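Residues 27 to 249 (the working numbering) make up the sequence shown, in order. To start, the structure itself, in structure tokens.
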Amino acid sequence: MRVVVNAAMSADGKLASRRREQVTISGREDFDRVDELRASVDAVMVGVGTVLADDPSLTVKDTNRVEAREERGASSHPVRVVADSHARTPPDAAVLGDEAETFVLVSEAEPAEHVNTLRAAGAEVVVAGESQVNLPAALAELEARGIDSVLVEGGGEVIFSLFEAGEVDELLTFVGPKIIGGRDAPTLADGEGFADPADFVELALENVERYDDGVLLEYDVKV
27 MRVVVNAAMS ADGKLASRRR EQVTISGRED FDRVDELRAS VDAVMVGVGT
77 VLADDPSLTV KDTNRVEARE ERGASSHPVR VVADSHARTP PDAAVLGDEA
127 ETFVLVSEAE PAEHVNTLRA AGAEVVVAGE SQVNLPAALA ELEARGIDSV
177 LVEGGGEVIF SLFEAGEVDE LLTFVGPKII GGRDAPTLAD GEGFADPADF
227 VELALENVER YDDGVLLEYD VKV
């Protein structure tokens, strides 16, 4: 499985404000790039924090791209995946709409009634990990179901967890012309962070391209 992380961050590395409110960082050109990227993959993944903060649908917006997917025998939209250890995804979340199939990854610790609520709302629930989602195990389960490429769109907690687990192949980050500031504002890779420099993830810069008034950095993860 190929895992690509895509994110838009401010010039000081923030994904949102300190209140974790959504901030428009990129513009029309980058939005179109992301839509094209979504249309090219089997699944789009976010953490539950992104669902709670932004309520995204994670669907392809351009109808021509939807038609192109259908013409090549794929579903109209990529599968949606939510990493949600404690089953906090609201039953009425946009990501559970009927435009596409949705997998919610939960831990074994979650009560059956929480899981059943998600299933009743239309989610396919994947249980992996004792108290937190075991991402490698969950991704292996998705791959076994025919998902070969995943686009991860945030937030910082799930992105860091994927880097920590060694599951990321490529990082695409748009750096926009804003300073957001705040020690509590979310960054590209939140979570506990690496304590030992030997664990730092090394990247290889593959391309730099201007979009709108910002810049897109394309990295491969060094093995």
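Cβ coordinates follow ideal geometry from the N, Cα and C atoms, glycine included. Just so you know, these numbers come straight off a predicted model, no measurement behind them.
Nearest candidate by alpha-carbon position, reference residue i, set the options
| i | options | result |
| --- | --- | --- |
| V30 | S101, A221, V49 and S175 | S175 |
| S52 | V86, G240 and L131 | G240 |
| P223 | A230, E190, P203 and L242 | E190 |
| G219 | V184, L242 and K87 | V184 |
| V141 | M35, R114 and R46 | R114 |
| V72 | R45, F186 and E228 | F186 |
Cα-Cα separation, residue i to residue j
| i | j | result |
| --- | --- | --- |
| E169 | P117 | 25 Å |
| G155 | E96 | 34 Å |
| V91 | A100 | Reading off the sequence shown, one finds Arg at residue 91, where the question assumed Val. Computed Cα separation, rounded: 11 Å. |
| V70 | H103 | 9 Å |
| A147 | M35 | 32 Å |
| L78 | A120 | 10 Å |
Chain-order list of residues whose beta-carbon lies under 6 Å from that of residue i (same chain, five-residue window excluded)
| i | result |
| --- | --- |
| L197 | V31 and Y245 |
| E232 | E244 and D246 |
| S111 | S133, Q158 and V159 |
Own chain residues within Cβ distance below 7 Å of residue i, not counting five before or after
| i | result |
| --- | --- |
| E193 | V29, L161, P162 and L165 |
| V49 | A42, S43 and I206 |
| D81 | A119 and A120 |
Expected contact under 8 Å - CB spacing of residue i and residue j to nearest Å
| i | j | result |
| --- | --- | --- |
| V105 | V130 | Between V130 and V105 the Cβ distance is about 11 Å, and since that is not below 8 Å, they are no contact. |
| A230 | K204 | Not a contact, Cβ separation roughly 27 Å. |
| L63 | L242 | Wrong, their Cβ atoms sit about 11 Å apart, outside the cutoff. |
| G181 | T76 | 5 Å |
Residue i at chain B interface by Cβ criterion, 7 Å
| i | result |
| --- | --- |
| G75 | Structure shown: chain B not included; a single protein chain is present. |
Neighbourhood of residue i by C-beta, 8 Å cutoff - its chain only, sequence neighbours within 5 removed
| i | result |
| --- | --- |
| E93 | none |
| Y237 | S52, G53, E55, D56, R59 and F200 |
| V86 | D61, R64, A65, V92, R95, S102, H103 and P104 |
- Please confirm if the stretch 204-215 is in contact with the stretch 37-44, defined as three or more CB-CB distances below 8 Å between the two stretches. yes
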